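Q: Each step along the sequence shown adds one to the number in numbering that gives the first Met the number 0, with nothing skipped, and position 198 is 197. Every residue gets a Cβ at the ideal spot worked out from N, C-alpha and C, and that includes glycine. Owing to the predicted nature of the structure, the values given are computational and were not obtained by experimental measurement. Below you will find the structure I want to go over with you.
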Amino acid sequence: MSGELLSDDVHRETFRPTARAVSDRHASVLDELRRSISTSQHDLHRAQSHLAEASSELQWWISRLGEGAQPSEPGIDVVADDPEFRRLSGRLCEREAAGCRLLHGEPSGGAAPEHPMPAPGDAGHRGVAARTRLEAADYRDAVTRAGRSGHRFRVLPLLVTTMQLADGVALLSLRQPAGPVGLLLRRAELVELARQHFDGAWVRALPVDPGRTALDAPPDADQPSEVQLEILRLAAVGAKDESIARSLGRSTRWVRRHFEMLEEQLGAVNRMTLGIAAVRRGWI
């Protein structure tokens, strides 16, 4: 505390923060960062666990189908060919008032049938795609048209399953050179597995701006790219630069350059202050 002279006989008491007050304030910010990272880490681990478990069990059911075989379990219908698959997929989306949910896995070279993208006017649908999907101009255009009508879309660096959830059933695309092209799951426990699989992918995925041609180019001065958000989220759960680089199929130098870009963007002087700034903006 110090005195500031206002006139010959009047002083105003002014307060300057003590070193302890500054330290307490920094501790509060660090506590906020730790809590946010802990919450994010818990959510990510839970989503990854659900995704792995649901994917494993779904794959087990799919593997029970031999080429051309018919499943004996009730509540599982075989989809014989591509036209039937697309007809079913379109009808399910039309009947789902709350919006259908789509997973578009890695392209399979035409061996597996595709769920059609929601048409303009199909508001409320949600979709997750493998990052490689957006490298195709026609796919990006379809995502852009769907987004204009309210379709929410996210991207994952790696996604295998191609699946649709709508009207209380799950329609899976099979990756096999011959035999049935898909499975229609009606059994409640299998549909629930499919739902968990989608929810796990949705939580881990990042929002995508389909209007951009480069996934790692920032959309504007204030927002990071999807790849930069993925880097921040991986770092928040303790991944080292080398692990992040392997996960994204890039070099360690490339990862560090993106950290530098983010620090410049947010005015951060190191990784800790970058993390604090990212948490405050809701990026992690």
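1. Is the beta carbon of Ser88 less than 8 Å from the beta carbon of Gln163?
2. So the candidates are Val78, Gly274 and Trp282; which of them puts its Cα closest to the Cα of Leu173?
3. Going by Cα to Cα distance, which pick from Leu133, His124 and Glu93 is closest to Pro106?
4. Mapping DSSP to helix, strand and coil, what is His257?
5. Please report the distance separating the alpha-carbon of Ala267 from that of Leu261.
6. Can you say whether Glu225 is buried or exposed, counting buried as having 16 or more other CB atoms within 10 angstroms of its CB?
7. Run through the DSSP bridge pairs and tell me what Val202 is partnered with.
8. Do you know whose CA, among His150, Glu188 and Leu91, lies nearest Ala165's CA?
9. Tell me which residue opens and which closes the alpha helix (DSSP H) that Val142 is part of.
10. Buried or exposed for Ala128, going by 16 or more other Cβ atoms inside 10 Å?
11. Using only CA atoms, which one of Thr161, Val168 and Gly98 lies nearest to Val180?
12. With burial defined as no fewer than 16 other Cβ atoms inside 10 Å of the residue's Cβ, what is the status of Gly281: buried or exposed?
13. From this set, Leu102, Ala187 and Pro82, which residue's C-alpha is nearest Gly199's C-alpha?
14. Which stretch, first to last residue, makes up the alpha helix (DSSP H) that contains Leu283?
15. Per DSSP, which one or two residues make a beta bridge with Leu164?
16. List the residues that DSSP assigns as beta-bridge partners of Gly181.
17. Report the residue from Ser148, Glu83, Ile275 and Leu189 whose alpha carbon sits nearest the alpha carbon of Ile75.
18. Output the boundary residues of the beta strand (DSSP E) element that contains Val226.
19. For Ser246 and Leu182, I'd like the C-alpha separation in whole angstroms.
20. Return yes when the Cβ of Ile275 is within less than 8 Å of the Cβ of Arg232, no when it is not.
21. Under a three-way DSSP split, which group does Leu273 fall into?
22. Three-state secondary structure (DSSP) at Arg90?
23. According to the neighbour-count rule (16 or more other Cβ atoms, all chains shown, within 10 Å of its Cβ), is Ala135 buried or exposed?
A: From the atom records:
1. Closer than 8 Å, so yes.
2. The closest CA to that of Leu173, considering only Val78, Gly274 and Trp282, is found on Val78.
3. Considering only alpha carbons, the answer is Leu133.
4. The DSSP-derived three-state label of His257 is helix.
5. If you take the alpha carbons of Ala267 and Leu261, they lie about 8 Å apart.
6. Buried is the call here.
7. DSSP lists no partner for Val202.
8. Residue Leu91 is the option with its Cα nearest to Ala165.
9. For Val142, the enclosing alpha helix (DSSP H) has its first and last residue at Ala136 to Arg147.
10. With 16 or more neighbouring CB atoms inside 10 Å of its own CB, Ala128 falls in the buried class.
11. Out of Thr161, Val168 and Gly98, Thr161 has the C-alpha closest to the C-alpha of Val180.
12. Looking at its Cβ environment, which holds fewer than 16 other Cβ atoms inside 10 Å, Gly281 is exposed.
13. The candidate whose alpha carbon is nearest that of Gly199 is Leu102.
14. According to the sequence shown, residue 283 is Ile rather than Leu. From DSSP, Ile283 is part of no alpha helix (DSSP H); its letter is neither H nor E.
15. The partner list for Leu164 (beta bridge, DSSP) reads Arg100 and Ala169.
16. According to DSSP, Gly181 bridges with Val78 and Ser172.
17. The shortest Cα separation from Ile75 among Ser148, Glu83, Ile275 and Leu189 belongs to Leu189.
18. Element bounds for Val226: not the beta strand (DSSP E) but the alpha helix (DSSP H), Glu225 to Ala235.
19. Near 31 Å, if we compare the C-alpha coordinates of Leu182 and Ser246.
20. It is not a contact, given that the beta carbons lie outside the stated cut-off.
21. Under the three-state reduction of DSSP, Leu273 is assigned to helix.
22. Residue state for Arg90 is assigned as helix, using DSSP reduced to three classes.
23. Burial call: exposed.
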